[in-house]
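**Student:** Residue numbers (our numbering), protein chains in the order written: chain R, 575 to 780; chain G, 5 to 399.
Where is the CB? At the ideal position from N, CA and C, for every residue including glycine.
Submitted below is the structure of interest, expressed as structure tokens.
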């Protein structure tokens with residue numbers, strides 16, 4: 575009988591397994607320590623476009639992105655989780671993730687960034703794609719290290735074209751012919767960088 | 005000036021003491037209302053969860069009725085199956101109203117999180133499953149019409165997590181099969197919110213499980229003797245019968261044990277509050293002995309004094325009780341979140357279902373307990389001898 579109860583508990587808890595719909599790290603303690611090996615702790619801050627600037631901010635973000643926020647998953651009230659990473663009492667960086675609609679499922683792209691706005695590391699937490707293995711490889715992710723928002727300035731998520739002179743031109747699609755998830759990942763990175771700029775780096779300037 | 009205003013003013017003379025005593029009563033009322041609300045909410049939630057499953061009896065392969073556990077531990081590889089022709093054998097029973105076959109399968113997706121995770125798919129019959137789960141409503145789209153279609157219906161949270169809308173493609177990792185999303189369900193508050201439904205024939209074909217099922221959901225006709233029906237189901241070869249009514253009673257049995265402990269704690273909280281009331285009122289009586297003597301010398305009868313002290317107790321308990329009830333209603337969501345955090349399994353929906361009946365019961369218990377506590381101090385006050393009391397003050 576106990577086993578039956580366990581069965582029912584598990585049946586019921588399958589809903590819980592899908593309950594975390596935001597873009598949080600699955601295991602922040604482990605992930606932050608991995609992304610920032612020298613860190614001593616982190617603080618979680620919850621933000622949304624609606625509370626920080628409303629329609630005006632949304633329009634600005636869309637304009638900078640060069641694409642409209644679409645569907646039910648990019649609305650003005652989507653909650654964003656920002657992890658402020660500390661060493662003693664000093665912030666040494668940030669970790670921030672965004673959801674992006676992919677060809678076959680949701681993509682969660684996290685960026686670990688320094689206080690200077692440069693990408694320290696890139697991490698796809700979740701991806702359902704025919705090119706999943708390639709896009710989640712360390713080699714692919716390593717290409718984003720050192721890039722910042724200005725490197726994405728000319729990138730248009732609508733056309734998906736990268737200028738030959740752009741620093742992004744060195745980032746190659748690791749699996750051409752496997753759909754558009756490479757472009758979706760680039761859009762997620764640009765969106766992430768813009769949001770980080772609005773939420774953190776240019777916050778005082780506005 | 006009537007007896008009530010005298011009692012009220014007496015309480016105001018020692019504001020801090022009265023407030024602390026009322027605070028103690030409020031806390032015990034808060035505990036009482038919250039626990040009574042929890043008992044009702046938990047039972048309602050459990051009933052709702054089981055009713056929402058749409059069937060009262062689940063038939064699975066003998067020895068492994070725990071698909072969900074097996075999927076989590078081993079993916080699809082450790083599951084045991086029953087034959088599809090079992091549907092006919094079960095449907096032949098006169099007690100059966102509807103039967104719906106299910107096939108659960110899982111694949112390990114290495115691209116979920118740091119270490120990968122199992123993605124589960126529930127194959128359901130396009131005809132019978134929607135009939136049995138009529139409470140499920142669509143946010144967009146509809147059920148698949150064909151049991152062999154490469155289509156999917158997503159629960160509300162599954163759709164949010166996978167960021168899928170009607171018309172989008174869904175990739176089943178591992179076997180690299182593509183299905184088209186044809187429906188997204190509204191939030192139902194059940195396990196269906198997190199489920200990805202595929203046509204049963206498609207799951208059988210994709211996972212090479214032709215003619216195999218993991219479970220049969222059985223809805224029986226009204227007034228059926230479920231126990232007798234279950235016993236007859238055991239005549240079928242190699243099956244395990246899971247009665248959800250039995251599961252419910254078992255869970256409620258476990259919950260009742262926990263409830264007994266919790267209610268004992270609530271009883272202790274009420275006892276402590278009563279001790280506080282006795283202490284406060286008795287202290288007040290002792291301090292006012294000369295004053296009570298004067299009242300009696302002016303013509304007050306023992307019953308008048310008794311009523312005055314008892315009324316003080318009643319006012320204190322009513323005020324504390326009402327404050328506690330108000331506090332419990334105010335913090336119900338917070339208490340619910342705390343309970344959900346600590347309990348391994350909680351049903352969906354409101355977990356603390358406090359209402360005016362529970363509030364009235366708690367208030368009655370608190371006031372009755374308070375009045376009981378006030379008996380001795382009131383009796384003692386009524387027994388004060390005027391001359392002795394006045395002489396004591398003189399000394």
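In the DSSP output, what is residue 673/R paired with across the bridge?
**Tutor:** The residue you call residue 673/R lines up with position 99 of the first chain. Its beta-bridge partners are 682/R.
**Student:** Is any beta-carbon of chain R found at less than 9 Å from that of residue 117/G?
**Tutor:** Numbered from its first residue, the second chain carries residue 117/G at position 113. For residue 117/G, the answer is yes, since a Cβ of chain R falls inside 9 Å of its Cβ.
**Student:** Just by C-beta distance, which residues in the segment 674 to 686 of chain R are closer than 9 Å to chain G?
**Tutor:** Within the segment 674 to 686 of chain R, the qualifying residues are 674, 675, 676, 677, 678, 679, 680 and 681.
**Student:** From what residue to what residue does the alpha helix (DSSP H) around residue 300/G run?
**Tutor:** As a position in the second chain, residue 300/G is number 296, starting the count at 1. Per DSSP, residue 300/G belongs to the alpha helix (DSSP H) from 293 to 301.
**Student:** How about residue 329/G and residue 37/G: do their beta carbons lie closer than 9 Å?
**Tutor:** Counting from one through the second chain, the residue named residue 329/G turns up at place 325. Counting from one through the second chain, the residue named residue 37/G turns up at place 33. Taking 9 Å as the Cβ cut-off, residue 329/G and residue 37/G qualify as a contacting pair.
**Student:** By the DSSP assignment, the beta strand (DSSP E) with residue 158/G in it spans what residues?
**Tutor:** On the second chain, residue 158/G is found 154 positions in, with the first residue counted as 1. Start and end: 155 to 158.
**Student:** Can you have a look at residue 670/R and say buried or exposed, based on whether 16 or more other CB atoms are within 10 angstroms of its CB?
**Tutor:** The residue given as residue 670/R occupies position 96 in the first chain. Per the 10 Å Cβ criterion, buried.
**Student:** Could you pull out every residue in the same chain whose Cβ sits closer than 7 Å to the Cβ of residue 642/R, ignoring the five residues on either side in sequence?
**Tutor:** As a first step, residue 642/R must be located in the first chain, where it is residue number 68. Same-chain partners within the cutoff: 636.
**Student:** List, in chain order, every chain R residue whose beta-carbon is nearer than 7 Å to that of residue 167/G.
**Tutor:** Counted from its first residue, the second chain places residue 167/G at position 163. Per Cβ cutoff of 7 Å: 647, 673, 675, 679 and 680.
**Student:** Tell me whether residue 28/G is buried or exposed, calling it buried when 16 or more other Cβ atoms sit within 10 Å of its Cβ.
**Tutor:** Reading the second chain from its first residue, position 24 is the one you call residue 28/G. Buried is the call here.
**Student:** When you compare the CB positions of residue 729/R and residue 742/R, do they come within less than 9 Å of one another, or not?
**Tutor:** Mapped onto the first chain, residue 729/R falls at position 155. Mapped onto the first chain, residue 742/R falls at position 168. Against a cut-off of 9 Å, the Cβ pair of residue 742/R and residue 729/R comes out as a contact.
**Student:** I'd like to know whether the C-beta atoms of residue 284/G and residue 326/G end up nearer to each other than 9 Å.
**Tutor:** The sequence position of residue 284/G within the second chain is 280, counting from 1. The sequence position of residue 326/G within the second chain is 322, counting from 1. The answer is no: Cβ separation not under 9 Å.
**Student:** When you compare the CB positions of residue 52/G and residue 352/G, do they come within less than 9 Å of one another, or not?
**Tutor:** Taking the second chain and counting its residues from 1, one reaches residue 52/G at position 48. Taking the second chain and counting its residues from 1, one reaches residue 352/G at position 348. Yes, these two residues count as a Cβ contact at 9 Å.
**Student:** Would you mind listing the beta strand (DSSP E) stretches within the segment 607 to 641 of chain R that are 3+ residues and don't spill past its ends, in chain order?
**Tutor:** If we require 3 residues or more, the beta strand (DSSP E) runs fully inside the segment 607 to 641 of chain R come out as 615 to 621.
**Student:** Taking the continuous beta strand (DSSP E) assigned at residue 378/G, which residues delimit it?
**Tutor:** As a working note, residue 378/G is residue 374 in the second chain. First-last for residue 378/G: 360 to 386, but that is the alpha helix (DSSP H), not the beta strand (DSSP E).
**Student:** Pull up the distance between the alpha-carbon of residue 176/G and that of residue 753/R, whole angstroms please.
**Tutor:** On the second chain, position 172 is the one that residue 176/G refers to. On the first chain, position 179 is the one that residue 753/R refers to. So the alpha carbons of these two residues sit roughly 15 Å apart.
**Student:** When you check each C-beta in the segment 179 to 191 of chain G against every C-beta of chain R, which residues fall closer than 8 Å?
**Tutor:** Taking 8 Å as the Cβ-Cβ cut-off against chain R, the residues of the segment 179 to 191 of chain G that qualify are 180 and 182.
**Student:** Less than 6 Å between C-beta atoms, sequence neighbours within five positions excluded: which residues of the same chain meet that for residue 599/R?
**Tutor:** Working through the first chain from its first residue, we reach residue 599/R at position 25. So the qualifying residues of the chain are 605.
**Student:** Select from the segment 700 to 730 of chain R all residues with a C-beta closer than 9 Å to any C-beta belonging to chain G, and list them in chain order.
**Tutor:** Answer set for the segment 700 to 730 of chain R: 700, 701, 702, 703, 704, 706, 707, 709 and 710.
**Student:** Taking the Cβ atom as the reference point for each residue, do residue 381/G and residue 286/G lie within a distance shorter than 9 Å?
**Tutor:** Counted from its first residue, the second chain places residue 381/G at position 377. Counted from its first residue, the second chain places residue 286/G at position 282. In this structure, residue 286/G lies closer than 9 Å to residue 381/G by Cβ.
**Student:** Whose C-beta lies closer than 8 Å to the C-beta of residue 243/G among residues of the same chain, with five residues either side of it excluded?
**Tutor:** The residue given as residue 243/G occupies position 239 in the second chain. Same-chain partners within the cutoff: 63, 64, 65, 66, 86, 90 and 237.
**Student:** Between residue 623/R and chain G, is there a C-beta pair that is closer than 9 Å?
**Tutor:** Looking up residue 623/R in the first chain gives position 49. Chain G contact via Cβ: absent.
**Student:** Quick one: Cα of residue 4/G to Cα of residue 704/R, how far?
**Tutor:** With chain G covering only 5 through 399, there is no way to say anything about residue 4/G.
**Student:** State the DSSP-derived secondary structure class of residue 62/G, mapped to helix, strand or coil.
**Tutor:** By 1-based counting over the second chain, the position of residue 62/G is 58. Three-state result, residue 62/G: strand.
**Student:** Just reading off the alpha helix (DSSP H) that residue 738/R is part of, what are its end residues?
**Tutor:** Within the first chain, the letter at position 164 stands for residue 738/R. That residue, residue 738/R, is in no alpha helix (DSSP H); it is neither H nor E in DSSP.
**Student:** Below 8 Å on C-beta distance, what does residue 600/R contact in chain G?
**Tutor:** Position 26 of the first chain holds residue 600/R. The answer, in chain order, is 117 and 118.
**Student:** Say whether chain R places a C-beta atom closer than 9 Å to the C-beta of residue 164/G.
**Tutor:** Translated into the one-based positions of the second chain, residue 164/G becomes position 160. Yes, residue 164/G lies at the interface with chain R (some Cβ there is under 9 Å from its Cβ).
**Student:** Identify the contact partners of residue 39/G in chain R, using a Cβ-Cβ distance below 7 Å as the criterion.
**Tutor:** Mapped onto the second chain, residue 39/G falls at position 35. The contacting residues do not exist; residue 39/G stays about 23 Å from chain R at best.
**Student:** Which same chain residues end up closer than 8 Å to residue 208/G when comparing Cβ atoms and leaving out the 5 residues on each side of it in sequence?
**Tutor:** Taking the first residue of the second chain as position 1, residue 208/G is located at position 204. The answer, listed in chain order, is 107, 127, 214, 215 and 216.
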